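Chains as they are written, first to last, in the working numbering: chain A, 3 to 172; chain B, 3 to 172.
Read through the structure below, which is laid out as structure tokens, and then see the notes.
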DNA sequence: TTGGAATGTCAACAAGGCTGACTTATGCTG
DNA sequence: CAGCATAAGTCAGCCTTGTTGACATTCCAA
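See the structure below:
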């Protein structure tokens with residue numbers, strides 16, 4: 003672990019373990035791990051004239067079918083213009099369907115088509131495979147800690163969104 | 003935890019806890035947490051005509067002073083043209099210094115100037131503050147698990163780079 | 001019924017990735 | 001020493017994906 007201080011055991015309540023060096027290692031771990039996290043889907047997408055933004059849209063439409071554009075916007079944290087460009091190509095290519103709202107005709111509800119679902123599967127299979135390998139290698143306790151820290155790192159708004167998705171998802 | 007299966011306890015060696023739903027939650031946690039992770043430095047940088055790419059360069063030059071351009075390239079995983087654009091503005095603005103190598107004059111060794119160090123401090127203070135809060139909230143065991151999973155998620159090359167930085171850093 | 005709010009679209013621009021082609025300076029090896 | 005390899009930098013041009021601004025449509029409430 004090579005942290006230059008004590009408190010390396012697992013049971014310590016010590017508050018001294020948060021040296022700048024330890025925090026910096028966490029920061030770098032996040033950076034390098036995120037690269038791995040996105041690498042596999044990126045590889046698939048690069049052959050398809052799509053990018054990471056398309057992946058994100060497809061992921062969350064699959065996760066919450068029938069979501070409105072506005073809702074998707076707040077999940078993704080981009081401007082509606084930015085999302086729209088991505089969405090348009092997905093609709094043109096027949097991966098996403100946009101249905102006018104029944105009660106409020108201003109709204110568009112988004113669904114994956116069969117082709118869209120198929121791509122979603124391909125992408126998330128790749129990502130899950132890596133995730134599964136990492137989880138297996140690290141073990142259940144590490145996974146629990148991993149999730150706890152990630153959640154604590156989110157902005158409150160994002161944490162709320164994250165929880166809402168979890169409720170609907172299971 | 004509401005995962006629809008058993009194996010929710012912490013001590014299980016069960017291999018059944020890796021449902022697609024659990025993995026997807028991990029994926030979403032990564033996504034939302036990374037947003038939080040970059041939010042604070044991004045805010046500082048947006049007022050300064052710099053972006054995330056500048057932050058990364060500054061971070062790793064600070065971490066490994068005297069690094070060559072080539073070495074920085076392999077850490078960041080971008081092309082030299084892409085890095086060069088960023089590096090040029092940092093040098094022009096007097097945040098980074100580029101010294102011709104003493105033994106091999108083809109190489110350029112990169113250092114932060116005082117102004118560069120100052121900005122680095124501002125940026126990493128912001129990022130560390132969030133990290134520290136998350137670590138505190140999650141506790142030492144969770145932090146250990148967090149790091150273990152992140153490391154398992156990296157590509158082997160990145161893991162090697164990550165370890166090399168840790169050795170030099172401590 | 002009319003004005004404001006919400007929703008979605010179009011256009012233009014910037015950051016920061018990428019490839020490809022090339023130059024310059026230097027190191028190394030036959 | 002000649003010639004190839006390596007490190008760095010530059011120019012040009014492309015793509016994705018973020019941004020703002022302007023605008024059309026729709027809903028709802030005063």
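Just so it is clear, CB atoms sit at the ideal spot from N, CA and C, and this is done for glycine as well.
A quick note: this is a predicted structure, and the numbers were derived from the prediction, not measured.
Nearest residue (CA-CA) to residue i, options the options
i: residue 94 of chain B; options: B:118, B:38 and B:107; result: B:118
i: residue 54 of chain B; options: B:63, B:43, B:62 and B:64; result: B:43
i: residue 160 of chain B; options: A:23, A:129 and A:36; result: A:36
i: residue 99 of chain A; options: A:155, A:148, A:63 and A:22; result: A:63
i: residue 1 of chain B; options: B:120, B:24 and B:148; result: A question about residue 1 of chain B goes unanswered here, because the residues of chain B that appear run from 3 up to 172.
i: residue 111 of chain A; options: A:169, A:30 and A:69; result: A:69
i: residue 90 of chain A; options: A:45, A:60, A:32 and A:66; result: A:60
i: residue 106 of chain A; options: A:20, A:72 and A:24; result: A:72
i: residue 39 of chain A; options: A:25, A:58 and A:49; result: A:58
i: residue 162 of chain B; options: A:34, A:85 and A:102; result: A:34
i: residue 173 of chain A; options: B:88, B:56, B:130 and B:135; result: Here chain A has residues from 3 to 172 only, and residue 173 of chain A is not among them.
i: residue 87 of chain B; options: B:56, B:115 and B:113; result: B:56
i: residue 139 of chain B; options: A:155, A:131 and A:132; result: A:155
i: residue 164 of chain B; options: B:49, B:21 and B:76; result: B:76
i: residue 132 of chain A; options: B:158, B:114, B:108 and B:137; result: B:158
i: residue 50 of chain A; options: A:65, A:92 and A:66; result: A:92
i: residue 66 of chain A; options: A:113, A:22 and A:24; result: A:113
i: residue 2 of chain B; options: A:101, A:23 and A:130; result: The question about residue 2 of chain B has no answer here: the residues shown for chain B are numbered 3 through 172.
i: residue 166 of chain B; options: B:137, B:74 and B:147; result: B:74
i: residue 25 of chain B; options: A:137, A:169, A:48 and A:170; result: A:137
i: residue 122 of chain B; options: B:104, B:46 and B:148; result: B:46
Residues that residue i contacts on chain B, provided the C-beta gap is smaller than 8 Å
i: residue 66 of chain A; result: Those within 8 Å of residue 66 of chain A in chain B number zero; the least Cβ separation is about 11 Å.
Partners in chain B for residue i, counting only beta-carbon separations shorter than 7 Å
i: residue 150 of chain A; result: 140 and 144
i: residue 22 of chain A; result: 130
i: residue 136 of chain A; result: 151, 154 and 155
i: residue 167 of chain A; result: 30
i: residue 103 of chain A; result: What residue 103 of chain A touches in chain B: nothing, since even the nearest Cβ is about 26 Å away.
Proximal chain A residues relative to residue i, where beta-carbon distance stays under 9 Å
i: residue 29 of chain B; result: 39, 61, 126, 129, 130 and 133
i: residue 157 of chain B; result: 34, 37, 38 and 41
i: residue 54 of chain B; result: Under the 9 Å cutoff, chain A gives no residues; its nearest Cβ is about 11 Å from residue 54 of chain B.
Chain A contact residues for residue i, given Cβ-Cβ distances below 8 Å
i: residue 164 of chain B; result: 30, 31 and 34
i: residue 79 of chain B; result: 37
i: residue 47 of chain B; result: Simply none; closest approach about 15 Å.
Chain-ordered neighbours of residue i on chain A, where CB pairs are closer than 7 Å
i: residue 97 of chain B; result: Those within 7 Å of residue 97 of chain B in chain A number zero; the least Cβ separation is about 19 Å.
Cβ-heavy atom distance, residue i to the ligand FMN, below 8 Å
i: residue 56 of chain A; result: Annotation note on the ligand FMN: not contained in the displayed structure, which lists no ligands.
Cross-chain neighbours of residue i in chain B, by beta carbon under 9 Å
i: residue 50 of chain A; result: None at all; the shortest Cβ gap to chain B is about 20 Å.
**Report entry** alpha helix (DSSP H) segments (min. 4 residues) lying fully within the stretch 81-122 of chain A
**Finding:** 82-94
Query raised in the report: Using 8 Å as the threshold, is the stretch 76-91 of chain B in touch with the stretch 135-143 of chain B, meaning 3 or more CB pairs across them?
Result: no
Query - Residues in the stretch 108-121 of chain A having any Cβ partner in chain B nearer than 9 Å - result: none
Requested in this report: State whether the stretch 25-41 of chain A contacts the stretch 121-137 of chain B, with contact taken as three or more CB pairs (one from each stretch) at a distance under 8 Å.
Outcome: yes
Query raised in the report: Along the stretch 70-94 of chain B, what residues have a CB closer than 8 Å to any CB found in chain A?
Result: 79
Report task. List in chain order: all unbroken alpha helix (DSSP H) runs of 4+ residues lying wholly within the stretch 21-64 of chain A. Result -> 22-48
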